[in-house]
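Structure record follows, encoded as structure tokens.
Protein chains: 2
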Amino acid sequence: MRPARRLTLTDDVYESVRALIMDHAVAPGERVNIDALARQLQVSPTPVREALARLESDGLVRKRPLAGYTAAPLLTRAEFEELVEMRLVLETAAARRCATRTAAREGADGVDVAALRREADLPGPTADSGYAGIAAFTARDARFHNLLAEFSGNRMLHEAVVRLRPHLHLFRLHFPTTHHDTSAREHHRVVDAVAAGDPDGADAAMRAHLLAARERHLPYFTEEG
Amino acid sequence: MRPARRLTLTDDVYESVRALIMDHAVAPGERVNIDALARQLQVSPTPVREALARLESDGLVRKRPLAGYTAAPLLTRAEFEELVEMRLVLETAAARRCATRTAAREGADGVDVAALRREADLPGPTADSGYAGIAAFTARDARFHNLLAEFSGNRMLHEAVVRLRPHLHLFRLHFPTTHHDTSAREHHRVVDAVAAGDPDGADAAMRAHLLAARERHLPYFTEEG
DNA sequence: CGCCGCGAAATCCTATAGGATTCGTTCCGG
DNA sequence: CCGGAACGAATCCTATAGGATTTCGCGGCG
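Going line by line, the protein sequences match chains E and G.
Sequential numbering of the first sequence, starting at 1, is according to the UniProt record's numbering.
Sequential numbering of the second sequence, starting at 1, is according to the UniProt record's numbering.
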């Protein structure tokens, strides 16, 4: 619960609280008690407040003045659709850029296709289908998409993609959906196009992947948000 | 310097410090002294620290552990190009969506073409060409692009566009470039396409505008960053 | 002349305390 | 039985103090 301190307590607390939320140790929408957190982490409320302020900018918690913080609520159906659209805009652009850079044969900090290929695989069906399995699946998936965004060479694009992750992550934890083989196949198609230096192909493959993932998640929305 | 307090000092300080940076009251890269800021704003360092933590997530300041905060440095040439690319990705998507929504005749919270048209105009050449003129120009320009992103109907897209603004704003303040009439004409072409419900046209018009704006800014980069 | 190390001052970071506000419960009236 | 007001407890917010670390100037050495 309290890892070896980095340099400032605030940074440690930030990571700890972020982990708590990402692991659903605090449920979406649940109130976040500052003093309780401070006691739990064995620090004073001051660095906790600072960490929460940063997490608010990250969209992981919401603040109501004079009434404390609450964990970010789960995505509504409409917000989920917005998220998909954002991913379509950002990640197809990233895939496209990766392919372009591969074609240009950029050295040094260019696209490491081998690394992408490694992360494209996902934990197989043999893996645990419980919480641990879900966590492993989504973590691996996150690494792939993160790596692709990083290899786009555009740091702002990378950051934008990273910013979207937590919401998707929380959603997946709440509605476990793992289609290992299918997702992995789609990932590999993206890598294929990137390796071939085919921007249009990479764009199309990523678009297909994101739309397919959307379909896989959709059943979890019933009537309400 | 100290507006009527909202509800918490932290929020007020956040706005104040943000304004200081956006007005170049603290130069890019300059160190931000927490105690000095607290004295200047007549508050204790505690809410100042909290505000700075949020501003760090916003990318307006950078933190070095145990060594305080510094105002975000000016964009390098490479980062400027990244910014342009991000705007191309995000804002053409926003323009496209606006046109689609207009064509779909969405009522209520749909696209307010008239409002867009109003903001498309920019302070004319008669205006002050000094700091105040630049500030007025960039503020109006920001409102237009902000409104378009808002009318896209995708809040995440809107937020992403808003996140890019400060960097562009600071850059413009440092290298004053106002081409009122040209920019305004380009804005109106975007509005025309949106009003006509022409997604491809809106995309193209926005792309042309952003690329033209890039060209207008480019001369300010010489050899270094 | 330049580089390195030392010491004092400035600055940052965390803990704690107290005033202000909100939340939950209880009690009362309808 | 239900709605609303009032009281107490919990919680938040800000200020302040002190320990820890960095920064900067200065003197000594190469």
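Positions of the beta carbon are idealized from the N, C-alpha and C atoms, including for glycine.
Source: prediction; values computed, not measured.
What residues from chain E crowd round residue 7 of chain G, counting only those whose CB sits closer than 8 Å? As a first step, residue 7 of chain G must be located in the second sequence, where it is residue number 7. Within 8 Å Cβ-Cβ: 65 and 66.
What's the gap between the Cα of residue 12 of chain G and the Cα of residue 64 of chain E? If you number the second sequence from 1, residue 12 of chain G lands on position 12. If you number the first sequence from 1, residue 64 of chain E lands on position 64. Roughly 14 Å between the two C-alpha positions.
Taking the alpha-carbon of residue 208 of chain G as reference, which of G/48, G/145, G/135 and G/186 has the nearest alpha-carbon? Residue mapping note: residue 208 of chain G aligns to position 208 of the second sequence, counting from 1. Closest in C-alpha terms to residue 208 of chain G, from the list G/48, G/145, G/135 and G/186, comes G/186.
Please give me, in chain order, every unbroken run of the alpha helix (DSSP H) with length at least 4 that falls completely inside the region 127-157 of chain E. 131-151
Buried or exposed: residue 141 of chain E, going by 16 or more other Cβ atoms within 10 Å of its Cβ? Walking along the first sequence from the start, residue 141 of chain E turns up at place 141. With 16 or more Cβ atoms within 10 Å of its Cβ, residue 141 of chain E is classed as buried.
Run down chain G in chain order and give the residues with a C-beta less than 8 Å from the C-beta of residue 89 of chain E. Here residue 89 of chain E refers to the residue found at position 89 of the first sequence. Under the 8 Å cutoff, chain G gives 89, 90, 93 and 157.
If we call anything under 8 Å between Cβ atoms a contact, is residue 154 of chain E one with residue 97 of chain E? The sequence position of residue 154 of chain E within the first sequence is 154, counting from 1. The sequence position of residue 97 of chain E within the first sequence is 97, counting from 1. Yes.
Please state whether DSSP places residue 67 of chain G in a helix, a strand or coil. Taking the first residue of the second sequence as position 1, residue 67 of chain G is located at position 67. It is coil, neither helix nor strand.
Can you pull the chain E neighbours of residue 206 of chain G, defined as C-beta to C-beta under 8 Å? Sequence index remark: in the second sequence, residue 206 of chain G carries index 206 (1-based). Within 8 Å Cβ-Cβ: nothing; residue 206 of chain G doesn't reach chain E, min ~13 Å.
Return the Cβ separation of residue 184 of chain G and residue 193 of chain G in integer angstroms, given the expectation that the two are a contact with Cβ distance under 8 Å. As a first step, residue 184 of chain G must be located in the second sequence, where it is residue number 184. As a first step, residue 193 of chain G must be located in the second sequence, where it is residue number 193. Not confirmed; about 15 Å, so no contact.
What residues from chain E crowd round residue 83 of chain G, counting only those whose CB sits closer than 8 Å? As a working note, residue 83 of chain G is residue 83 in the second sequence. Chain E residues near residue 83 of chain G: 156.
Contacts around residue 162 of chain E, its chain only, beta-carbon distance under 8 Å, and the 5 residues preceding and following it disregarded: Here the question's residue 162 of chain E lines up with position 162 in the first sequence. Excluding five sequence positions before and after residue 162 of chain E, the CB atoms of its chain that fall closer than 8 Å to its own CB belong to 146 and 149, given in chain order.
Within 8 Å, do at least three Cβ pairs link the region 46-60 of chain E to the region 52-59 of chain G? yes
Would you say residue 50 of chain E lies against chain G (beta-carbon separation less than 8 Å)? Taking the first sequence and counting its residues from 1, one reaches residue 50 of chain E at position 50. For residue 50 of chain E, the answer is yes, since a Cβ of chain G falls inside 8 Å of its Cβ.
Quickly, what does DSSP pair residue 62 of chain E with across the bridge? List them, please. Here residue 62 of chain E refers to the residue found at position 62 when the first sequence is read from its first residue. In the DSSP output, where bridge partners are listed per residue, residue 62 of chain E has E/70.
Measuring only between beta-carbons, confirm whether residue 56 of chain E sits less than 8 Å from chain G. The residue given as residue 56 of chain E occupies position 56 in the first sequence. Yes, contact with chain G.
For residue 131 of chain G, does the count of other Cβ atoms within 10 angstroms reach 16, so buried, or fall short, so exposed? Taking the first residue of the second sequence as position 1, residue 131 of chain G is located at position 131. Looking at its Cβ environment, which holds fewer than 16 other Cβ atoms inside 10 Å, residue 131 of chain G is exposed.
Terminal residues of the continuous alpha helix (DSSP H) containing residue 7 of chain G? Here residue 7 of chain G refers to the residue found at position 7 of the second sequence. Here residue 7 of chain G belongs to no alpha helix (DSSP H), and DSSP marks it neither H nor E.
Thinking C-alpha only, which one of E/120, E/122, E/17 and E/82 is nearest residue 71 of chain E? Looking up residue 71 of chain E in the first sequence gives position 71. Cα-wise, what sits closest to residue 71 of chain E is E/17.
State yes or no: is the beta carbon of residue 225 of chain G nearer than 8 Å to at least one beta carbon in chain E? Reading the second sequence from its first residue, position 225 is the one you call residue 225 of chain G. Because the pLDDT at residue 225 of chain G is just 47, under 50, the model does not fix this residue reliably, and the value given afterwards should be weighed accordingly. By this cut-off, residue 225 of chain G is not an interface position.
Name, please, each residue of chain E whose Cβ falls closer than 8 Å to the Cβ of residue 11 of chain G. Position 11 of the second sequence, counting from 1, holds the residue named residue 11 of chain G. What residue 11 of chain G touches in chain E: 65.
Cα-Cα separation between residue 105 of chain E and residue 47 of chain E, rounded to whole angstroms: Along the first sequence, read from residue 1 onward, the residue named residue 105 of chain E stands at position 105. Along the first sequence, read from residue 1 onward, the residue named residue 47 of chain E stands at position 47. Approximately 46 Å, taken between the alpha carbons.
Within this structure, are the beta carbons of residue 94 of chain G and residue 152 of chain G separated by less than 8 Å? Within the second sequence, residue 94 of chain G is the residue found at index 94, counting from 1. Within the second sequence, residue 152 of chain G is the residue found at index 152, counting from 1. Residue 94 of chain G is a Cβ neighbour of residue 152 of chain G, given a cutoff of 8 Å.
Measuring only between beta-carbons, confirm whether residue 72 of chain E sits less than 8 Å from chain G. Indexing the first sequence from 1 puts residue 72 of chain E at position 72. No, residue 72 of chain E lies away from the interface with chain G (no Cβ there is under 8 Å from its Cβ).
Using a beta-carbon distance below 8 Å, is residue 86 of chain G in contact with chain E? By 1-based counting over the second sequence, the position of residue 86 of chain G is 86. True, the Cβ-Cβ gap to chain E drops below 8 Å.
Alpha-carbon to alpha-carbon, residue 178 of chain E and residue 215 of chain E: Reading the first sequence from its first residue, position 215 is the one you call residue 215 of chain E. Reading the first sequence from its first residue, position 178 is the one you call residue 178 of chain E. Between residue 215 of chain E and residue 178 of chain E, the C-alpha separation is close to 13 Å.
Looking at C-alpha atoms only, which residue of E/77, E/200, E/135 and E/174 is the closest neighbour of residue 218 of chain E? For the purposes of this step, residue 218 of chain E is taken as residue 218 along the first sequence, with counting starting at 1. The option with the nearest alpha carbon to residue 218 of chain E is E/77.
Closest to residue 165 of chain G by C-alpha separation, out of G/49, G/31 and G/86, would be which residue? Looking up residue 165 of chain G in the second sequence gives position 165. Nearest of G/49, G/31 and G/86 to residue 165 of chain G, Cα basis: G/86.
Less than 8 Å between CB atoms is the rule here; does residue 53 of chain G satisfy it with respect to chain E? Residue mapping note: residue 53 of chain G aligns to position 53 of the second sequence, counting from 1. Residue 53 of chain G counts as touching chain E.
Rounded straight-line distance, which links the Cα of residue 159 of chain E to that of residue 49 of chain G: For this step, residue 49 of chain G is matched to residue 49 along the second sequence. For this step, residue 159 of chain E is matched to residue 159 along the first sequence. Their backbone Cα atoms lie some 24 Å apart in a straight line.
Mapping the DSSP letters down to three states, classify residue 105 of chain E as helix, strand or coil. Indexing the first sequence from 1 puts residue 105 of chain E at position 105. If DSSP states are grouped into helix, strand and coil, residue 105 of chain E belongs with coil.
My assumption, with CB atoms under 8 Å, is that residue 222 of chain E sits in contact with residue 172 of chain E. Please give the rounded CB distance. Here residue 222 of chain E refers to the residue found at position 222 of the first sequence. Here residue 172 of chain E refers to the residue found at position 172 of the first sequence. Incorrect: roughly 17 Å between the Cβ atoms, too far for contact.
Could you say which of E/118, E/180 and E/189 lies nearest to residue 133 of chain E if we only look at CA atoms? As a first step, residue 133 of chain E is located in the first sequence; it is residue number 133 there, counting from the start. The shortest C-alpha separation from residue 133 of chain E is found at E/180.
Pull the bridge partners of residue 31 of chain G from the DSSP assignment, please. As a position in the second sequence, residue 31 of chain G is number 31, starting the count at 1. Residue 31 of chain G pairs with G/70.
Enclosing alpha helix (DSSP H) for residue 181 of chain E [first to last residue]: By one-based count along the first sequence, residue 181 of chain E stands at place 181. Per DSSP, residue 181 of chain E belongs to the alpha helix (DSSP H) from 180-195.
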